[in-house]
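*Asks:*
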Amino acid sequence: MLRFTYFLGISLFFLLSGQAGEGKTGKRVTLYLVIDDVAAPRTEVLFPRFLQAKLPLTFAILPGLANSKRFASELAERGFELILHQPMAPENGFDPGPGAIKVNTSPNEISAILDANLRGLPHIVGMNNHMGSYVTRDRALMRAILEYCRQHRLFFLDSLTSPRSVAGELQKAVGLPQLKRDIFLDHTDTREAVLDQFEKAIRLAQRKGFAVVIGHAWSENTCELLLTLAPRLKREGIDFGLLSQLAQQLRRLPGDQSKSSPKYTPPRRSASRKSP
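Here the sequence shown is numbered in the working numbering, starting from 58 and rising by one per residue.
Here it is as structure tokens:
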């Protein structure tokens with residue numbers, strides 16, 4: 058651990074020296090960090106640690122799991138932003154989990170699937186894909202998904218699990234902001250690899266003003282590095298932001314977004330039930 062702390066300090070010294078937080082316009086730059094796989098079985102141990110982050114973070118909730126509603130409620134109560142981490146079929150045939158959009162799903166079934174997954178989850182403002190290398194290259198399915206998002210005032214983040222994804226093209230076609238992932242932090246889940254990905258994200262943000270970064274709720278390395286790096290990054294001109302803020306910058310969603318993000322209201326919700 059001491060060796061890694063030393064390595065971290067040296068790496069940050071060289072990375073943040075000079076024009077650390079200045080993008081190409083000389084302004085502060087922003088990392089839009091999404092924490093995926095919230096409520097997956099491996100995430101329960103680290104969940105309290107992520108709650109300690111005093112940062113504007115976006116958490117992507119998997120639907121239909123034992124902790125989905127509880128974790129979503131706890132995050133919402135603490136002011137974090139929530140999106141649906143929608144399971145979608147991958148090309149390798151793996152099971153993406155409950156509530157999935159599958160290879161044999163019809164576009165006509167999309168609304169019912171998404172309604173069921175969102176029901177009971179508080180304050181959902183957007184959606185991204187869990188797995189999905191098959192679905193995100195299927196034009197009919199993606200158009201149905203994105204039309205649903207547009208109709209329900211949700212943005213869609215393409216996690217880019219496939220280089221053949223058509224999400225970006227169709228986001229533009231249906232009038233949604235073209236949000237896509239730039240960096241995966243913990244595809245290789247070692248401290249050195251995650252730090253390297255943080256550095257890549259910072260360099261990208263310094264070039265274009267921001268970077269969209271995805272980490273995972275099961276990664277201890279992502280959690281610990283986030284808590285360690287955040288204070289130093291802020292001092293050096295690198296901020297964290299909510300993904301909805303970037304969506305508003307890229308293209309305003311329907312409705313008045315000037316003060317807050319849109320909040321999804323599930324259909325056929327009981328009138329007697331209080332919102333979290």
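Beta carbons: idealized from backbone N, C-alpha and C, even for Gly. Just so you know, these numbers come straight off a predicted model, no measurement behind them.
Measure the C-alpha to C-alpha separation of Ala201 and Arg292 and round it to an integer number of angstroms.
*Replies:* Residue numbering aside, residue 201 sits at position 144 when the sequence shown is read from its first letter. Residue numbering aside, residue 292 sits at position 235 when the sequence shown is read from its first letter. One C-alpha to the other measures close to 43 Å.
*Asks:* Compute the Euclidean distance between the alpha carbons of Ser190 and Arg207, then round it to the nearest angstrom.
*Replies:* Mapped onto the sequence shown, residue 190 falls at position 133. Mapped onto the sequence shown, residue 207 falls at position 150. About 22 Å.
*Asks:* Which of the three DSSP states, helix, strand or coil, is assigned to Val192?
*Replies:* What you label residue 192 is simply residue 135 of the sequence shown in a count that begins at 1. Helix at Val192.
*Asks:* What residue does the beta strand (DSSP E) around Glu339 start on, and which one ends it?
*Replies:* The structure shown does not extend to residue 339, since the chain spans only 58 to 333, so no value can be given for it.
*Asks:* Determine the extent of the beta strand (DSSP E) in which Val270 is found, giving its start and end residues.
*Replies:* For the purposes of this step, residue 270 is taken as residue 213 along the sequence shown, with counting starting at 1. Here the beta strand (DSSP E) through Val270 covers Phe267 to His273.
*Asks:* What does Ala117 pair with, by DSSP beta-bridge criteria?
*Replies:* Taking the sequence shown and counting its residues from 1, the one referred to as residue 117 is at position 60. Answer is Ile140, bridged to Ala117.
*Asks:* For Thr279, which of helix, strand or coil comes out of DSSP?
*Replies:* As a first step, residue 279 is located in the sequence shown; it is residue number 222 there, counting from the start. Three-state DSSP puts Thr279 in a helix.
*Asks:* Which residue or residues does DSSP assign as beta-bridge partners of Tyr205?
*Replies:* In the sequence shown, the residue the question calls residue 205 occupies position 148. DSSP, once it has assigned bridges, lists no residue as partnering Tyr205.
*Asks:* What's the gap between the Cα of Val86 and the Cα of Gly272?
*Replies:* Reading the sequence shown from its first residue, position 29 is the one you call residue 86. Reading the sequence shown from its first residue, position 215 is the one you call residue 272. Using only the alpha carbons, I get a separation of about 19 Å.
*Asks:* What would DSSP say about Asn185, mapped onto helix, strand or coil?
*Replies:* If you number the sequence shown from 1, residue 185 lands on position 128. Strand.
*Asks:* Between Arg196, Ile140, Glu148 and Asp152, which lies nearest to Ala171 when the distance is taken from Cα to Cα?
*Replies:* Your numbering for residue 171 matches position 114 in the sequence shown. This sequence places Leu at residue 171; Ala is not what is there. When each option's Cα is compared against that of Leu171, the closest is Ile140.
*Asks:* Would you identify the three-state DSSP class for Ile170, choosing helix, strand or coil?
*Replies:* The count along the sequence shown starts at 1 and reaches residue 170 at position 113. Note: Ile170 maps to helix in three-state DSSP.
*Asks:* Taking the continuous alpha helix (DSSP H) assigned at Phe128, which residues delimit it?
*Replies:* Residue numbering aside, residue 128 sits at position 71 when the sequence shown is read from its first letter. Start and end: Ser125 to Glu134.
*Asks:* Looking at C-beta atoms only, is the number of pairs between the stretch 173–192 and the stretch 124–139 that lie closer than 8 Å three or more?
*Replies:* These segments touch.
*Asks:* Arg308: which of Ala287, Ala230 and Ser219 sits nearest, CA to CA?
*Replies:* For this step, residue 308 is matched to residue 251 along the sequence shown. Of the listed residues, the one whose Cα sits closest to Arg308 is Ala230.
*Asks:* Would you say Pro164 and Ala197 are within 7 Å of each other, going by their C-beta atoms?
*Replies:* In the sequence shown, the residue the question calls residue 164 occupies position 107. In the sequence shown, the residue the question calls residue 197 occupies position 140. Yes, the pair counts as a contact, with Cβ atoms nearer than the cut-off.
*Asks:* Whole-angstrom Cβ separation of Asp94 and Ala274, contact assumed at under 8 Å?
*Replies:* Numbered from its first residue, the sequence shown carries residue 94 at position 37. Numbered from its first residue, the sequence shown carries residue 274 at position 217. Right, their Cβ atoms sit about 5 Å apart.
*Asks:* Considering only their Cβ atoms, is the gap separating Leu233 from Phe213 smaller than 7 Å?
*Replies:* Here residue 213 corresponds to residue number 156 of the sequence shown, with the count starting at 1. Here residue 233 corresponds to residue number 176 of the sequence shown, with the count starting at 1. Yes, they are a contact pair.
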